[in-house]
Structure formats: structure tokens, C-alpha cells
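Asker: Using mature numbering (1 follows the signal peptide of the UniProt record, and there is no 0), the letters of the sequence shown correspond one by one to residues -22 to -1, 1 to 162.
Cβ atoms here follow ideal geometry from the backbone N, Cα and C, with glycine treated the same way.
Source: prediction; values computed, not measured.
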Amino acid sequence: MKVPLIVAAAAALTFAALPSQAAVISGTYTSIGINTWRADLTVTNDANIARFAGFSVDFPSATNLQLVSSPAAWDSMVFQPDANLSDPGYLDSFLRNVTATLAPGQSVGGFGVSFNYAGGMPGALPFLVYDTSFNVLAAGNATIAAIPEPATALLAALGLAFIGLRSGRAYVRKTHATNKEVTA
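#1: For the pair the region 79 to 87 and the region 6 to 26, tell me if three or more CB-CB distances fall below 8 angstroms.
#2: Do Pro66 and Ala102 come within 9 angstroms of each other at the CB atom, strictly closer than that value?
#3: Given a cut-off of 9 angstroms on the beta-carbon distance, is the pair Ala17 and Phe93 in contact?
#4: Tell me whether Asn75 sits in a helix, a strand or coil according to DSSP, three-state version.
#5: Going by beta carbon distance, what residues of the same chain come within less than 8 angstroms of Ala(-13), once the five residues before and after it are set aside?
#6: Less than 9 angstroms separating the beta-carbons of Ala116 and Val35?
#7: Use the C-beta contact count for Phe89: other C-beta atoms within 10 angstroms, 16 or more gives buried, fewer gives exposed.
#8: Would you call Ala5 buried or exposed, if buried means 16 or more other Cβ atoms sit within 10 Å of its Cβ?
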């Protein structure tokens, strides 16, 4: 009983010592089917890290991860979750040419992963950033925004139009009834 608590405390202390925002991973979620999502990610080096060369992004509670796109200069792979190890699926990406690292202020996009996720919209994605020797330089949670499905936006617009028509007709009826009372 005490062993999992000690392991959890050690992990928390390990990650607490890492720089919190040496890099930022952001992106968008797009629903591409029932319980099927696509995450399009962009990595930005927003601090003074001299040798930023790779990163990994966890996909908690996701299954059937598939690499959809990756920039040509990056070697990217997805790994499926392992239920026996309580390990989430993740995207791992590393520069093919480690002398061409991502300099401070630079960003690169084009990382795409599709996956299955039951339970609404996926949340934030934990990430780690590595140097050329695979030492962890930063950890955080990726900021992901949702792109609404066209069908959802269309239904919302139709609903608002219907409400507008109903309230407009009610206003006309009320005005017409008031005008009849005034003339009578």
C-alpha cells in the first residue's frame, strides 16, 4: 500500500524540478467521426533552450493512435497504450538531424495524430521535451482547442434562426393585437 504512494511522490518531485514552460505544444482537435478525433500539433521553443531536439505527447484514455502527418525533418512514431503497464498511448518525435535543433522563438507544425476517444472531447495532453541526449528539458500540458464540426455549427445556426423567427412572429402578433385595441 505504501509503495504506490512512495512511487507517486517520487514521480511528482521529479517532474516538479523540471522547467515548466521551456516549450509550448499547442494545437486543435477535430472530430472526424463517432468517438474518433484528430489532433494537429505545433511545437514552439519559447525559452532559451540551446539543444531542443525532440518531444513526446501522451494521449491518456485514447486508443487506436495513428500518425497522420509529420514534418519531413522529424522522425515521428505513435505507440499504442499498454493496459498491463497503465501506460497511455503517445506520439514521440525527434529531429532527424540533431544539429538543426529548434532555436528559441522557432516553431514547427504539421504533427497530426488520429485516435479513438470515448467520453466527449479529449482534454489537455501531457508532454515532455528532450535535448539531443534524450534528457528531459521541460514538461507541461499541451493547449488544445476544439474545432467544431460543420454539422454542429450548422445546427446551432439553424436553432438560432428558428428562435429568431419565433420571437419575431410573437412580436408581430403582440404589436398587431395592440394596434387593434388602440383603434377600437
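Answerer: According to the structure data:
#1: yes
#2: What you label residue 102 is simply residue 124 of the sequence shown in a count that begins at 1. What you label residue 66 is simply residue 88 of the sequence shown in a count that begins at 1. No; because the gap between Cβ atoms is not below 9 angstroms, this pair is not in contact.
#3: For the purposes of this step, residue 17 is identified with residue 39 of the sequence shown, where counting begins at 1. For the purposes of this step, residue 93 is identified with residue 115 of the sequence shown, where counting begins at 1. Yes; because the gap between Cβ atoms is below 9 angstroms, this pair is in contact.
#4: On the sequence shown, position 97 is the one that residue 75 refers to. It is coil, neither helix nor strand.
#5: Residue mapping note: residue -13 aligns to position 10 of the sequence shown, counting from 1. Residue placement at Ala(-13) cannot be trusted, given a pLDDT of 46 that sits under 50; what the coordinates show is reported in the next sentence. No residues qualify anywhere along the chain.
#6: Translated into the one-based positions of the sequence shown, residue 116 becomes position 138. Translated into the one-based positions of the sequence shown, residue 35 becomes position 57. No, the pair does not count as a contact, with Cβ atoms beyond the cut-off.
#7: The sequence position of residue 89 within the sequence shown is 111, counting from 1. Answer is buried; the Cβ neighbour count reaches 16.
#8: Here residue 5 is taken as the residue at index 27 of the sequence shown, counted from 1. Looking at the sequence provided, one finds Gly at residue 5 rather than Ala. When all chains shown are included, Gly5 counts as buried.
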